[in-house]
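**Student:** So the sequence shown is numbered by this note's numbering: it starts at 6 and just counts up by one.
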Amino acid sequence: MREEATAFVPGHVTGFFSTHPDEDPTKAGSRGAGLTLTDGVEVTVEPAEEPTIVLDGAETDVEPVTTVLETLEVTARVEADSELPIGAGFGVSGAMALGTALAANRVFERKLSANELVTVAHGAEVQAGTGLGDVVAQAHGGVPIRLEPGGPQDNKLDAIPSRARVEYVSFGELSTADVLSGETEELTAAGTEALSRLVEEPTLLSFMYASRLFARDAGLLTERVTEAITDVSAVDGQASMAMLGETVFALGTGLSDAGYDPSVCATHPAGAVLK
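1. Quick test of your reading: residue 253 and residue 278, contact by CB under 8 Å. State the CB separation rounded to the nearest angstrom.
2. Can you give me the Cβ contacts of residue 153 inside the same chain, cut-off strictly under 6 Å, excluding the 5 residues immediately before and after it?
3. Cα separation between residue 251 and residue 236?
4. Measure the Cβ-Cβ separation of residue 34 and residue 17 and say whether it is below 7 Å.
5. How many angstroms separate the CA atom of residue 151 from the CA atom of residue 215?
6. Give the straight-line distance between the Cα atoms of residue 199 and residue 217, rounded to the nearest whole angstrom.
7. Can you give the Cα-Cα distance for residue 195 and residue 120, rounded to whole angstroms?
8. Could you give the C-beta distance for residue 79 and residue 46, rounded to a whole number, given that I count them as a contact under 8 Å?
9. Apply the 10 Å Cβ neighbour rule to residue 280 and answer buried if 16 or more other Cβ atoms are within range, or exposed otherwise.
10. For residue 132, which option in 205, 172 and 155 has the closest C-alpha, if you only look at C-alpha atoms?
11. Looking only at C-alpha atoms, which of 177, 166, 167 and 100 sits nearest to residue 139?
12. Measure how close the beta-carbons of residue 244 and residue 255 come, nearest whole angstrom, since I'm counting them as under 8 Å.
13. Within the chosen definition, does the segment 92–107 reach the segment 64–76 through at least 3 CB pairs nearer than 8 Å?
14. Reducing DSSP to helix, strand and coil, say where residue 228 ends up.
15. Which residues bound the beta strand (DSSP E) around residue 153?
16. Could you name the residues that DSSP lists as bridge partners for residue 125?
17. May I have the straight-line CA-CA distance separating residue 117 from residue 170, to the nearest angstrom?
18. With distance defined between alpha-carbon atoms, name the residue in 24, 75 and 6 nearest to residue 188.
19. Which first and last residues belong to the alpha helix (DSSP H) in which residue 246 is found?
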């Protein structure tokens, strides 16, 4: 047993998705596409007498993390530091679940493979209702396209072979659990159409266009998000809404050119890693 281990997990912004439930949470998930980000979450795990989860210095409850610890049959203190806003569409809960799985596997010498750990974290996230595709994307890195839902034993991933500067501004939170527990037929139809469009032309520009259409057709746009996307379009930039949060992300300098003061990062070239 080691004293501690630390993992870095990139943030993930989903541009569009469709939901695909299953009784087995490791088989359930989403199809869609998104950007993994160099801004992410650092997760440190160390043995403890009582399980404790700390996020940005404050003790908290994160159901997927608790489930990961229970699945691996370990008792630990999990400390996460996020460069990203919480509950704003950046996959922070998925990052915490995946980072916990990777670091706990090393600390407690569970000897599980990468795919097994991703499956544990993905299933925990789906079971909690906090995400459907972030974990598998964060494990992959780059600009992943989720062609089939589920964990690594079931899904099928491709990617857009590009890197980009990414800007983002967040106006507030949206509840992923509330959206996913409601009627999702219209959302899934819009996501299926968006994926078909991207598969025909797997480029960043096509991804941004498909994402904007999805946000509109799925009825998820808020007034502030619509205004920001319109402002970026007015300066010939490319922007869309992060799923699921009241957040706008743009390629290049779109938000800066439109007069916003965004956070700046880039697409992450690799997936989650142990440090």
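Here a beta-carbon is modelled for each residue, glycine too, at the ideal position from N, C-alpha and C.
**Tutor:** Taking the structure as given:
1. With 8 Å as the limit, residue 253 and residue 278 do not qualify as a contact, their Cβ atoms being about 28 Å apart.
2. Exclusion of the five residues before and after residue 153 leaves 160 and 161 as the residues of its chain whose Cβ lies within less than 6 Å of its Cβ.
3. Spanning the two alpha carbons is a distance of roughly 16 Å.
4. Contact flag unset, no.
5. A straight line joining the alpha-carbon of residue 151 with that of residue 215 spans about 14 Å.
6. Here the alpha carbons of residue 217 and residue 199 stand approximately 9 Å from one another.
7. Going from the Cα of residue 195 to the Cα of residue 120 covers about 30 Å.
8. Contact between residue 79 and residue 46 is absent: CB atoms are separated by about 19 Å, not below the 8 Å threshold.
9. Residue environment for residue 280: exposed (fewer than 16 other C-beta atoms within 10 angstroms of its C-beta).
10. Minimum Cα distance to residue 132 is reached at 155.
11. Nearest C-alpha to residue 139: 100.
12. That pair is a contact at about 4 Å.
13. Yes: at least three Cβ pairs fall under 8 Å.
14. Here residue 228 sits in helix by DSSP.
15. In the DSSP assignment, residue 153 falls within the unbroken beta strand (DSSP E) covering 149–153.
16. None, per the DSSP bridge assignment.
17. Approximately 34 Å, taken between the alpha carbons.
18. Scanning 24, 75 and 6 for the CA closest to the CA of residue 188 turns up 24.
19. Premise fails: residue 246 lies in the beta strand (DSSP E), 244–246, not in any alpha helix (DSSP H).
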